[in-house]
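Protein sequence lines correspond, in order, to chains Z and E.
Adding 12 to a residue's 1-based position in the first sequence gives its number in our numbering.
Adding 332 to a residue's 1-based position in the second sequence gives its number in our numbering.
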Amino acid sequence: MSNANSSGVLTGSHYLDGDHACSEGAIAAGCRFAAGYPITPSTEVVERIAARFPRVGGRFLQFEDELGASIALLGGAWGGAKAMTVTSGPGFSLMMEHIGYAAITETPCVYINVQRAGPSTGLPTQPAQGDMMQARFGSHGDYRLIALCPNSPQECFDLTVEAFNLAEEFRVPVLVMLDEVVGHMTEKVVIPPAGEIPVSPRRWTKKAPGEFKLFEPAEGSLVPEMTMPGEGHQIHVTGLTHDERGYPNMTIAAHEKMQRRLFDKIVLNADRIVKWEEKDLAGAEVVVVSYGITSRVAEKAIQAAKEKGVKVGSFRLITAWPFPEKQILEMSTKVKAFVVPELNLGQMSLEIERVVGGRCKTVGVPHVGGTVHKPEVILNAILEAVR
Amino acid sequence: MSAAVRENPADKYLRKERMPSIWCPGCGIGTTVNCFTRALDASGYDLEKVAVVSGIGCTGRVAGYLKLDSFHTTHGRAIPFATGLKLARPDLKVVVYSGDGDLSAIGGNHLIHAARRNADLLVVCVNNLTYGMTGGQVTPTTPQPAIASTTPYGAFEQSFNLPHLVASCGGVYVARWTAYHVRQIAKSMGEALQKKGFRFIEIIAPCPTLYLRRNKLGEGLDEMKFYQEKSVVMNGADTREVSLDFRDEIPVGKFVDIERPTLEEAMESQLSKALGAKYVPYSLPVKA
């Protein structure tokens with residue numbers, strides 16, 4: 013870990029929306045290549061990038077569609093730059109193929125999705141959290157990646173930096189899953205001095221050409237080091253199942269070896285990746301599990317429930333994927349119920365149910381999106397759950 | 333005493349450990365790769381600074397056989413990957429090597445926009461008039477009324493005139509040859525490698541296993557004879573006049589060779605004009 017390059021960092025107190033905070037987070041993290049295609053409610057991220065990049069030595073290009081944008085950033089990333097793209101709803105669907113390509117080629121990169129209500133064109137300017145399972149499994153085939161869920165403009169900044177760091181550490185695409193409200197809400201954002209922003213540089217190999225294998229995990233790790241073109245390594249990168257040199261290998265054994273490691277490098281490192289925020293878990297009878305804007309609404313319901321004498325705690329998912337299984341499992345032996353409000357008809361609540369395995373109740377508080385929950389609905393679910 | 337076996341000059345450009353290739357006997361793709369290695373050889377370029385990007389399909393496998401930094405990307409998306417790579421790494425020469433279906437059907441949108449914005453890429457399009465990898469389906473370049481597995485009663489759509497498509501979108505170098513024209517291909521590739529901007533070379537190539545067989549047109553060698561007989565060199569021709577019809581004459585040659593600012597040049601010039609001293613130009617990624 014080193015620190016951000018001071019030249020691009022907008023140190024100070026700002027009044028920013030979540031989208032713009034993501035742009036600043038990317039710049040602070042060292043992102044100097046971005047590809048985009050406009051789509052509401054994510055466009056402000058690339059608009060700010062387009063305005064800021066030429067002043068900090070970055071390159072941004074708006075592509076002809078999301079298919080182009082979502083692979084152009086991978087070209088940029090393989091070129092050696094820290095790279096990202098940004099989208100929402102239908103654009104996220106179009107980008108799925110390249111999230112899979114980034115996963116199999118172990119390309120460090122960041123995709124930001126400002127979620128709107130769907131399916132299809134849905135409600136373009138209104139919020140939802142309906143892409144959480146798509147974030148996990150949206151591309152075909154099996155793979156694991158990392159998805160983060162900010163609940164404020166400040167966290168949009170912080171988690172975008174974190175997303176770039178995780179992408180480098182695990183050579184994996186990292187998704188930053190905003191929702192429209194978090195993307196468009198304006199709050200105070202404090203950007204620290206560059207020297208206080210931890211930034212993970214790319215893990216360049218020191219091995220010589222001929223010695224280095226692009227897909228061989230570094231010693232004592234599940235993650236290979238990186239190189240870039242132009243250095244004599246004659247790298248080969250393919251979306252086909254490949255061996256450690258990157259050469260296509262159409263055997264079951266090669267597939268098992270490759271796919272297993274892609275899975276393990278995330279799942280077995282969950283403890284290093286997973287972040288959450290907990291409040292008042294000690295002695296709680298009910299724990300509200302929430303993320304993104306829903307966690308802000310849930311706070312009011314939790315407060316109201318406490319005033320009614322309910323012992324209620326809060327567990328906020330900062331990392332959605334890999335899922336904080338261990339933490340949920342541990343709580344499930346102590347509480348009566350989890351209450352899970354989300355702006356979809358039940359996605360993360362399914363995961364909680366799976367982990368809980370009947371040890372306690374899981375009470376979903378579904379909402380189709382378009383707006384946020386009324387706190388009373390969440391309050392009623394808490395009161396119901398504790399009964 | 334037997335004569336010493338001379339090394340094939342193409343060898344040093346190939347990942348020999350990956351041979352034999354997947355290409356069928358009589359296929360034209362390998363021929364074009366041979367020409368490409370000759371063009372590279374003649375260019376004197378530092379091969380460390382040449383990267384190849386392919387899409388999916390038979391020609392999409394070219395990246396995997398060339399001993400260069402090489403990227404085998406997704407179907408249709410070699411051009412935007414390459415555009416990203418080139419923008420991030422202006423020090424590299426980036427060559428896109430792919431097939432007609434990959435570049436002009438699923439990747440058609442990227443093809444026209446990369447030509448429009450004059451992305452600094454050399455695109456080699458091996459046009460075998462069919463989707464080979466999936467078993468010989470109709471493509472946007474299959475001429476009427478050729479038989480393909482998905483047009484079993486004959487193709488009925490108008491096919492693309494790729495040189496015209498690329499030229500009208502703004503490509504700065506546009507040429508077409510057939511796999512018969514090995515010297516001309518190598519020369520054209522060499523010339524195009526020296527140029528900047530969006531350069532497009534179409535190479536008509538035989539697919540004996542699917543296209544030729546299904547249309548009862550003989551073997552790869554028969555097709556070479558056909559190319560020899562039917563090709564008409566039309567250097568500088570108006571690209572509207574170079575469309576391909578089924579078994580008709582094949583207009584070949586260099587059709588376009590012009591200059592205009594590349595994407596990168598236009599981007600830099602506009603930003604520096606607008607921002608003046610506030611403009612911070614992009615610098616190459618460095619290893620921290």
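Ideal placement from N, C-alpha and C gives every residue a C-beta, glycine not left out.
Once the 5 residues before and after residue i are set aside, which same chain residues still bring their CB inside 8 Å of it?
i	result
Glu573 (chain E)	Met566, Pro583
Ser375 (chain E)	Gly522, Leu525, Gln526
Does DSSP classify residue i as helix, strand or coil?
i	result
Asp276 (chain Z)	helix
Cys457 (chain E)	strand
Arg409 (chain E)	coil
Gly369 (chain Z)	coil
Lys291 (chain Z)	strand
Pro593 (chain E)	coil
Lys312 (chain Z)	helix
Thr253 (chain Z)	coil
Val389 (chain Z)	helix
Tyr429 (chain E)	strand
Gln138 (chain Z)	strand
Leu234 (chain Z)	coil
Ala206 (chain Z)	helix
Glu489 (chain E)	coil
Ile51 (chain Z)	coil
Ile116 (chain Z)	helix
Leu417 (chain E)	helix
His267 (chain Z)	helix
Just to make sure I have the definition right: I need the residues of chain E whose C-beta is within less than 7 Å of the C-beta of residue i. Which are they?
i	result
Arg128 (chain Z)	Near Arg128 (chain Z) there are no residues of chain E at all, since even the closest Cβ is about 24 Å away, more than 7 Å.
His110 (chain Z)	Thr406
Ala47 (chain Z)	Gly416
Ile61 (chain Z)	Residues of chain E passing the Cβ test: none, with the nearest at roughly 13 Å.
Going along the chain, which residues of its own chain have a beta-carbon closer than 7 Å to the beta-carbon of residue i, five neighbours each way excluded?
i	result
Val225 (chain Z)	Looking at the sequence itself, residue 225 (chain Z) is Lys, so the reference to Val does not match. Excluding positions up to five away in sequence, the list reads Glu256, Arg257.
Ala437 (chain E)	Thr471, Pro472
Which residue or residues does DSSP assign as beta-bridge partners of residue i?
i	result
Met96 (chain Z)	Z:Ala46, Z:Val122
Tyr463 (chain E)	E:Gln469
Arg71 (chain Z)	Z:Phe45
Tyr27 (chain Z)	Z:Lys200
Gly325 (chain Z)	Z:Val299
Trp509 (chain E)	E:Ile535
Asp191 (chain Z)	Z:Gln127
Thr345 (chain Z)	Bridge partners of Thr345 (chain Z): none, in fact.
Could you list which residues in chain Z have their beta carbon closer than 9 Å to that of residue i, in chain order?
i	result
Ser601 (chain E)	Per Cβ cutoff of 9 Å: no residues; Ser601 (chain E) is ~12 Å from chain Z at best.
Asn441 (chain E)	Glu76, Asp77, Leu79, Gly80
Would you say residue i lies against chain E (beta-carbon separation less than 8 Å)?
i	result
Met240 (chain Z)	yes
Thr263 (chain Z)	no
His248 (chain Z)	yes
Ser14 (chain Z)	yes
Phe75 (chain Z)	yes
Arg183 (chain Z)	no
Arg64 (chain Z)	no
Ala93 (chain Z)	yes
Leu252 (chain Z)	yes
Trp288 (chain Z)	no
Tyr113 (chain Z)	yes
Ala84 (chain Z)	yes
Trp216 (chain Z)	yes
Which chain E residues sit within Cβ distance under 8 Å of residue i?
i	result
His267 (chain Z)	Correct list: empty, because the minimum Cβ distance to chain E is about 16 Å.
To which residues of the same chain is residue i closer than 6 Å at the C-beta, ignoring the five residues directly before and after it?
i	result
Ala46 (chain Z)	Ile61, Phe72, Met96
Gln516 (chain E)	Trp509
Glu551 (chain E)	Gly358, Pro540
So with CB distances below 7 Å, who are the chain Z contacts of residue i?
i	result
Lys458 (chain E)	One point to set straight first is that residue 458 (chain E) is Val, not Lys, in the sequence displayed. Near Val458 (chain E) there are no residues of chain Z at all, since even the closest Cβ is about 18 Å away, more than 7 Å.
Ala414 (chain E)	Gly87
Ala620 (chain E)	Ser14, Pro213
His445 (chain E)	Glu76
Are the C-beta of residue i and some C-beta of chain Z separated by less than 8 Å?
i	result
Arg409 (chain E)	yes
Thr405 (chain E)	yes
Val612 (chain E)	yes
Asp401 (chain E)	yes
Leu453 (chain E)	no
Ala374 (chain E)	no
Lys381 (chain E)	yes
Using the beta-carbon of each residue, which ones in chain Z are nearer than 8 Å to residue i?
i	result
Asp423 (chain E)	Gly242
Under 9 Å Cβ-Cβ, which residues of chain E neighbour residue i?
i	result
Tyr259 (chain Z)	Arg347, Glu349, Arg350, Gly396
Arg44 (chain Z)	Ala420, Tyr614, Ser615, Pro617
Gly70 (chain Z)	Val612, Tyr614
Below 8 Å on C-beta distance, what does residue i contact in chain C?
i	result
Leu607 (chain E)	Among the chains of the structure shown, chain C does not appear; the protein chains present are Z and E.
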